[in-house]
Amino acid sequence: MLYTRLDDLRERTACRLARTLTEGDGTPRGLAERDAAAHRYADRLAQVEAAEHGLCFGRLDLHGGERRYVGRIGLFAESAEGDPLLVDWRASAARPFYVATAVSPEGVRRRRHLRTRRRTVTGVDDEVLDSTAGPGTDAGPAGEAALLAALTADRTGRMADIVETLQAEQDRIVRSSHPGVLVVQGGPGTGKTAVALHRAAYLLYTHRDRLARRGVLVVGPSPAFLGYVGQVLPALGETGVVLATLGDLFPGTPAHAEESPASAEIKGRAAMTEVLAAAVRDRQRAPADGLEVVVDRQRLRVGPNRCARARDRARATRLPHNQARPVFLAEMLDALAAAAAARLSAGIEAGADLLGADEIEDLRRDLAAAPGVRAALNDLWPALTPQRLLADLFADPTRLAAAAPGLPAAERDLLRRAPDADWAEADVPLLDEAAELLGTDDRAERARRERGRRAEVDYAQGVLDIVTGSRSIDAEDEADPETFSAADLMDAAALADRLEAGPRGTVAERAAADRTWTFGHVIVDEAQELSPMAWRLLMRRCPSRSMTVVGDLAQTGDLSGASSWAEIFTPYVGDRWRLERLTVNYRTPAEIMAVAGRLRRDDEAPRSVRSGGVRPWREPIGPAGVGPIVAREAAAVGAGRLAVLVPTALLDEVRRQVVAAVPGATGGAGADLTGTVVVLSVRQAKGLEFDTVIVVEPARILAESLRGRGDLYVALTRATRRLGIVHTGELPVPPGPVSPRR
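Residues in the sequence shown are numbered consecutively from 1, following the UniProt record's numbering.
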């Protein structure tokens, strides 16, 4: 019955979308209304399509006899009378499905979990919530059978949504009403990424009017991570979301080049705001000996005081560099015109008064067009792009020393780069900061658009004139000479609007292409890794400070990453941020956490809810290397996924060995996560999970960074079933419950 209703809804929505696309009265307002309606129907159709798999996954039997079915979307009977046929999992009526317990049943007598494959029910699990039971009844997770089935299933290389198995502590965070920054601290396997994505879906459900206009930004640690989680929100029927790494957040400038951790750490410091501001001021020069230019064999001079006054007046506007530039140019051209006028008036200072205002203005225009003058003024106050400012700064030791006198010479050397080098991820916050400092002098662009607009209106008027003329010629032959034409219904400006109108793209497409776009909500995963400069960028993207931030401070590996949440958010929101904790590890078996937990320096290690029954193993690497060991383990994985996690310095070497030993294996930034075997650095593996993980040379992972302890902790906690360690020397931590493999 539910699927019949879904099919009917799909057909009706598709028909409405098709009909809407053919409608519109031709006016700009009509086109805008048509586009808005088309987007609504397209979004609804996407939601209906996404609900096909796992449409209904639960039932609540309430005290009093009411039954309430829970699913991916809400479905109503055609009459719209009585209770809904299916309750959307995000609706408040569905909340007892996730939070009801025997001690606090929320009015629920029985909770039923339905497992389906396509449109066939494959399993039913019932939980009877007996309010007379003791507190111990709450010890297990809700829907334990369904949860364990999901946890023990083979990984596919793509994250699945957990809408069917959300637990109470996760659901509380998903539905949190906190309007500001919500920080979710959770160790490995607690589902913090899934919680953040489901919170995005929940907010789009409860605040659709606001978020549909501005969209949601999801920031992840790597392209591999974005590929891994990319299907979660579409599977929940939500498409108004931009998924990006930090390196994607300066549109038109890819930033994925490799650089040293030490260089990235320097670029991430908050002090770089002062360095960039100084670099911009350094490009606003007032020569100590004034300015001399030769125009038509005449030497014109502007004194140092007048140059300084022009610079100071431009700075006094407090406009960004490029927007203040016209003020500087105007002042300098006035000074040069005065100097030229004086020469034309026999060199007498007061003789400039012999020229009228029109002659002075002619002089000024001639000077502005003179190549020598343009070159001289551009040298004093150049028009700059963020890319040029940074490229010039990092390529020139003198400029860098002037802008960053507080940095030791050794650190300035780490920032050096060739002018044409590719950009790295840590450059993006600097480019964004530079864009704010520089601004855009858009006068030429506005003039170009105005000229284009006038041309379009002229063209439209020509079309209307042709229509009108044709009607006059043929009027004698027309059966009805009063028939309306386009000329009767609109003027040239309206017709130009109609001709210009075209697809504007979705909110997500427009937001991804616009650096200045501000989002309705921002989600940040692995947030502990972001630098102070990265947070400045993200705060500009979300002035409302509506954010869900997830991470684990114990997993911080980046040198510029955080050591406390307060140090990140207090400068931006004071104490108006909330910390929530996830305490249960659903993914990682207890045997693996017993090994990884030795690396934590706090007492917040999450509690594993299950045992895998397989003890982690370790094995020395023989002369043949890693390849044969991986091939042996790959044969035992079956349909699951195996990851080989290595120190960054060994990535290429181990990848070659593994690819040679295991046909179809991939590795590095372009690894296919849906393949059986992948080789990754620890950074590339952040946020991912695999059935089996082999960690190569843990001592080198630990030694690669000052925060190598966090990196090794990440590597050891990516597995859902089996963990192996291969090494040449001693293990960096006591082996504990790790069995030697002979």
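C-beta: ideal position from N, C-alpha, C; glycine also. In this text the structure is predicted, and so the values were computed from the model without any measurement.
Residue nearest to THR556 in terms of C-alpha spacing, selected from PRO543, ARG600, LEU6 and ALA513
ARG600
Taking ALA410 as part of the alpha helix (DSSP H), name the residues at either end of that continuous run.
409 to 415
With burial defined as no fewer than 16 other Cβ atoms inside 10 Å of the residue's Cβ, what is the status of PRO740: buried or exposed?
exposed
Boundaries of the alpha helix (DSSP H) in which VAL682 is found, first to last residue
682 to 685
Taking the alpha-carbon of TRP381 as reference, which of GLY227, VAL573 and ALA308 has the nearest alpha-carbon?
ALA308
Going by alpha carbons, who is nearest to ALA168 out of THR116, PHE97, THR206 and GLY107?
Checked all of THR116, PHE97, THR206 and GLY107; the closest Cα to ALA168 is PHE97.
By DSSP, does GLU52 sit in helix, in strand, or in coil?
coil
Helix, strand or coil, according to DSSP, for ALA636 in the structure here?
Helix, per DSSP.
Outcome for ASP289 when other beta-carbon atoms lying within 10 angstroms are tallied against a minimum of 16:
exposed
To the nearest angstrom, report how far apart LEU17 and THR4 are at their CA atoms.
20 Å
Reducing DSSP to helix, strand and coil, say where GLN298 ends up.
If DSSP states are grouped into helix, strand and coil, GLN298 belongs with the strands.
Hey, VAL662 and VAL677: beta-carbon distance below 7 Å or not?
yes
Please check the pair LEU367 and LEU336, which I expect to be a contact at CB under 8 Å, by giving their CB distance rounded to whole angstroms.
5 Å
Would you call the region 507 to 521 and the region 238 to 250 touching, i.e. three or more CB-CB distances under 8 Å?
Because the criterion of three Cβ pairs below 8 Å is met, the region 507 to 521 and the region 238 to 250 touch.
Between the region 536 to 547 and the region 432 to 439, do three or more beta carbon pairs fall short of 8 Å?
yes
Identify every residue that forms a DSSP beta bridge with VAL677.
LEU642
Distance between ALA201 and VAL195 (C-alpha atoms, nearest Å):
10 Å
Excluding the five sequence neighbours on either side, which residues of its own chain have a C-beta within less than 8 Å of the C-beta of GLY502, listed in chain order?
Only weak support is given to the placement of GLY502: the predicted model assigns it a pLDDT of 45, under 50, and the question is left unresolved by the model.
DSSP three-state call for VAL428: helix, strand or coil?
helix
VAL327 to ARG311 span [Cα, whole Å]:
When the Cα atoms are used, VAL327 and ARG311 turn out to be separated by approximately 9 Å.
Does the beta-carbon of MET533 have 16 or more other beta-carbons within 10 angstroms, so that it is buried, or is it exposed?
buried
How should LEU579 be labelled, buried or exposed, when 16 other C-beta atoms within 10 angstroms of its C-beta is the threshold for buried?
exposed
Contact check, ARG641 vs ARG155 under 8 Å by CB: the rounded distance?
4 Å
Cβ shell of ALA14 (< 7 Å), same chain only, five flanking positions each side left out
LEU45
Under 7 Å between C-beta atoms of PRO732 and ALA685:
no
Checking the sheet assignment: what are the DSSP bridge partners for THR548?
Bridge partners of THR548: LEU182 and ILE523.
Any chance you could list the alpha helix (DSSP H) runs of at least 4 consecutive residues sitting entirely within the region 173 to 246, in chain order?
As far as the region 173 to 246 is concerned, its whole alpha helix (DSSP H) runs of at least 4 residues are 192 to 206, 208 to 214, 223 to 229 and 232 to 235.
Alpha carbon to alpha carbon, how far is GLU476 from ARG34?
With a pLDDT of only 49 at GLU476, under the threshold of 50, the placement of this residue in the model should not be trusted; the figure read from the coordinates follows. So the two alpha carbons sit approximately 38 Å from each other.
How long is the line joining the alpha carbons of ARG325 and VAL275, rounded to whole angstroms?
The alpha-carbon atoms of ARG325 and VAL275 are separated by roughly 20 Å.
Give me, in chain order, the residues of the same chain whose beta-carbon lies closer than 6 Å to that of THR717; leave out the 5 immediate sequence neighbours on both sides.
PRO188, THR588 and ALA596
Test item: CB-CB of PHE569 and VAL181 under 7 Å
yes
Please classify VAL373: does DSSP put it in a helix, a strand, or coil?
In this structure, VAL373 counts as helix in the three-state DSSP scheme.
Does the Cβ of ASN378 have 16 or more other Cβ atoms within 10 Å, making it buried, or fewer, making it exposed?
ASN378 comes out exposed.
Within 10 angstroms of its Cβ, does HIS321 collect 16 or more other Cβ (buried), or is it exposed?
buried
Nearest CA to the CA of ARG213: which residue from ASP691, PRO647, PHE519 and GLY268?
PHE519
Starting from ALA719, follow the beta strand (DSSP E) in both directions and report where the run begins and ends.
Start and end: 719 to 727.
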